[in-house]
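Residue numbers (our numbering): 18 to 281.
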């Protein structure tokens with residue numbers, strides 16, 4: 018009995034392979050569509066994709082086109098071809114604005130771009146694009162069951178942009194370009210007022226102001242020392258028990274002592 022079942026399964030396997038190969042070589046788009054649908058429903062997305070790619074141009078405008086392009090887009094998504102999938106989902110949403118799949122395809126189209134977003138240290142063009150796509154989805158489908166995920170994805174992308182902006186500002190401090198560092202951290206704090214990097218940004222702005230001040234020529238030193246005092250107060254006001262308090266207190270003591278020379 019076991020041998021019979023094994024033989025039967027083997028026959029089915031080769032029969033299935035044979036039908037797929039015949040569909041690939043067939044000139045009949047209906048045969049290709051039927052076989053592609055079978056492979057799609059069996060979650061054999063790579064095989065389904067080969068057939069969908071062959072028939073997509075011929076199905077534009079046909080009654081089955083909506084279903085075919087939906088499966089085509091999903092096959093691209095499930096084979097992690099996110100650039101092409103994003104394009105196809107957007108094309109689907111544009112072509113079939115009354116489709117019952119509109120909300121789903123709009124979400125997946127936006128989600129595809131999140132996979133294209135690189136690590137924070139690289140160019141973030143695709144990250145900005147992904148945020149725009151997600152924001153458009155959120156505005157168009159405020160009652161979507163995908164809303165929580167869309168908001169979470171957008172939040173993660175914005176945090177990535179925050180980290181890049183913070184690290185870029187920090188580089189100026191690291192290379193001792195303190196003027197540029199102060200400006201960069203000021204801009205960072207304006208652009209990301211609720212950032213999780215706020216304490217660090219306030220500290221590195223203080224550190225940059227301090228190093229700029231103590232290395233200044235006499236004619237510029239007083240104003241710069243006073244700026245250090247402001248930066249110190251901003252850090253302590255934000256977090257009195259800052260992890261940087263000891264270093265900040267040392268800077269404050271130094272500049273208060275240096276300021277005495279200007280009160281004589």
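C-beta atoms are modelled at their ideal positions from N, C-alpha and C, and glycine is treated no differently.
If we count the other Cβ atoms within 10 Å of its Cβ and call it buried at 16 or more, is residue i buried or exposed?
| i | result |
| --- | --- |
| residue 102 | buried |
| residue 203 | exposed |
| residue 51 | exposed |
| residue 45 | exposed |
| residue 270 | exposed |
| residue 140 | exposed |
| residue 273 | exposed |
| residue 199 | buried |
| residue 91 | buried |
Classify residue i as helix, strand or coil using the three-state DSSP reduction.
| i | result |
| --- | --- |
| residue 213 | coil |
| residue 222 | helix |
| residue 25 | Confidence is the limiting factor: at residue 25 the pLDDT is only 43, short of 50, which leaves the residue's position unreliable, though a coordinate-based value still follows. Helix, per DSSP. |
| residue 81 | coil |
| residue 200 | helix |
| residue 116 | coil |
| residue 280 | coil |
| residue 149 | helix |
When the distance is taken between beta carbons, is residue j closer than 9 angstroms to residue i?
| i | j | result |
| --- | --- | --- |
| residue 12 | residue 205 | Absent from the model: residue 12. The displayed extent of the chain is 18 to 281, so no value can be given. |
| residue 248 | residue 226 | yes |
| residue 176 | residue 213 | yes |
| residue 60 | residue 95 | yes |
| residue 89 | residue 133 | no |
| residue 127 | residue 167 | yes |
| residue 62 | residue 86 | no |
| residue 81 | residue 93 | no |
| residue 115 | residue 130 | no |
First and last residue of the alpha helix (DSSP H) that includes residue i?
| i | result |
| --- | --- |
| residue 235 | 235-255 |
| residue 104 | 99-112 |
| residue 193 | Segment: none, residue 193 is in no alpha helix (DSSP H) and carries neither H nor E. |
Can you determine whether any heavy atom of the ligand PLP sits closer than 8 angstroms to the C-beta of residue i, and answer yes or no?
| i | result |
| --- | --- |
| residue 183 | For the ligand PLP, the structure offers nothing, since it holds no ligand at all. |
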